[in-house]
Every structure is written in structure tokens, then in C-alpha cells.
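Only one structure is covered here, and it is reproduced in the block below.
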Amino acid sequence: GAPADLFLSANHQWLEAVITGGFAGPHGKADVIASNRLVLATTKGLTNGHTKNPTDEATGLINLPELSSLRPLLDGGRLAIADPNAVPLGMYARQALQTFGLWQAVRGHLAPARNARQALAFVEHGAAALGVLYESDVLSSRNTVILAVFPTTSHAPIVYPLALLTRGRQNPAAIAFDGYLKSAAGQAVFNAHGFKRR
Numbered sequence: 040g041a042p043a044d045l046f047l048s049a050n051h052q053w054l055e056a057v058i059t060g061g062f063a064g065p066h067g068k069a070d071v072i073a074s075n076r077l078v079l080a081t082t083k084g085l086t087n088g089h090t091k092n093p094t095d096e097a098t099g100l101i102n103l104p105e106l107s108s109l110r111p112l113l114d115g116g117r118l119a120i121a122d123p124n125a126v127p128l129g130m131y132a133r134q135a136l137q138t139f140g141l142w143q144a145v146r147g148h149l150a151p152a153r154n155a156r157q158a159l160a161f162v163e164h165g166a167a168a169l170g171v172l173y174e175s176d177v178l179s180s181r182n183t184v185i186l187a188v189f190p191t192t193s194h195a196p197i198v199y200p201l202a203l204l205t206r207g208r209q210n211p212a213a214i215a216f217d218g219y220l221k222s223a224a225g226q227a228v229f230n231a232h233g234f235k236r237r
């Protein structure tokens, strides 16, 4: 019920619910304006200089397809993960860990976070040995490094759909901002902060 002109989410199903609910008008639609990647990260300084090159599609320090368990890597510590029942990042993380057969093994070793930024903070401050995070969040942090990138086939696509809501269609500023986010200039801002172009 909160007044809003635009709706942007990392969960396509949530945006579909907004459209189905009629908040985007009878002909509402969503445009994907950016995407992201899921990574395994740790606190900087714990990798002996072996870090992941975020521009390289190959895995880094850890070969994920051959990884049988994360528990030895945790070394008694915790795995930071956003709430898999309520937060998109946590949903993607659970999917990826299930794909590799790791979910049951790590469920008792989680450091559950309320949201993606708190999951990042757990890793940044050493409260968790590892974290399943968004690549863009790790790249924004001075204290975390990427160990490996989860293959995009291991989880649902991480995309950010945007819809101009019914209220926003009456607001010239909302219409202009919607256009900016989809423009080359807006896309460059997303790219500069670690998001991929749509």
C-alpha cells in the first residue's frame, strides 16, 4: 500500500505479483535492466593471495564442480547466507548449493542474515568464514575477495526487472528516471558497480 512510482527487484516473481495485483496497470510489463552473478567469497587476507578474477568465467581458487563439501573450507566457521525463505540472494544461494549437493551438509553451519548487505558484513568483519554473495556486493567491499563464481546454470537467473507503476505513469520525473535507468548512461552506472548489462 505504500505510494511508489517504480518497482525494482532482484526477484522476478515478486515483480510479477505487483503486475498481477494491478499496480502496474492493465498492460503492465517489466524490463530487465541489469543482471548479477553469485559468488563464494571470504575475508581478504585469508586466501594467501589467491583470489578470483571477476572478469574470468572460469572458477578461481575453488573448483566448484569438484567440490564435495564446504565444511573443510569453513574450518569450524560459518557460511554467511541471506534468508533463503525471504531474500532473493538466499534463494539463489540455496538453489546453487543444492545443485552441488552441499545444502544438507552446510545447513547446520550457516550464519543467516536478514538481507544481502548483512550477509556481506558478516564476511567483511570475519563473523563468517565464507559467504554466498552477489558479485556486485563483493566488488564494492574493500575487505572481501571472490573465491569462485557459481555457474549461472546452478541457480535461477539473477536479474533486476523494473516496472513503471500506475502512479508513476502520471509522474514526469518517474517516467524520466525509468528512461534513464534503461539508457546507455544508466547502464554504465550499473556496470561500474559490478552489475552486468541487461
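Numbering (the numbering used here), first residue to last: 40 to 237. The C-beta atom is built at its ideal place from N, Cα and C for all residues, glycine as well.
Cutoff 7 angstroms; reference residue i; Cβ partners in own chain excluding five residues on either side
i, result
"A43", "L204 and R206"
"L47", "Y199 and L201"
"L54", "F46, S48, A69, P200 and A202"
"K221", "D70 and I72"
"N210", "D44"
Bridge partner(s) assigned by DSSP for residue i
i, result
"K235", "S74"
"V171", "L79"
"A187", "L79"
"I120", "P151"
"A46", "The amino acid occupying residue 46 in the given sequence is Phe; Ala does not appear at that position. Note: F46 sits in a beta bridge opposite A202."
Short Cβ contact (8 angstroms threshold) for residue i with residue j
i, j, result
"A158", "G170", "yes"
"A80", "V145", "no"
"F189", "N75", "no"
"A121", "V162", "no"
"Y131", "I214", "no"
"A135", "R236", "no"
"H51", "T138", "no"
"V57", "A63", "yes"
"A150", "R110", "no"
Of the listed residues the options, nearest to residue i (C-alpha basis)
i, options, result
"R133", "H232, L77 and R208", "L77"
"R181", "G84, L45 and F229", "G84"
"G165", "D114, G225, A231 and F62", "D114"
"A155", "G40, D217, Q209 and G129", "G129"
"Q167", "G225, V71, T82 and A231", "One point to set straight first is that residue 167 is Ala, not Gln, in the sequence displayed. The candidate whose alpha carbon is nearest that of A167 is T82."
"A152", "S175, G140, D217 and A125", "A125"
"H148", "R208, Y173, V177 and L112", "L112"
"D176", "A231, G61, G40 and A41", "A231"
"L172", "P127, A227, G60 and G61", "P127"
"L178", "Y219, G40, R208 and F229", "F229"
"G67", "A223, F216 and R208", "R208"
Beta-carbon proximity list for residue i, same chain, < 8 angstroms, skipping 5 on both sides
i, result
"N87", "Unreliable placement is indicated for N87, whose pLDDT of 44 sits below 50; no coordinate value is reported for it."
Sequence-distant residues of its chain with Cβ nearer than 6 angstroms to residue i (five each side left out)
i, result
"G225", "Y219"
Extract the residue ranges of the alpha helix (DSSP H) inside the region 189-220, only unbroken runs of 4 or more that lie entirely within it. Within the region 189-220, no complete alpha helix (DSSP H) run reaches 4 residues.
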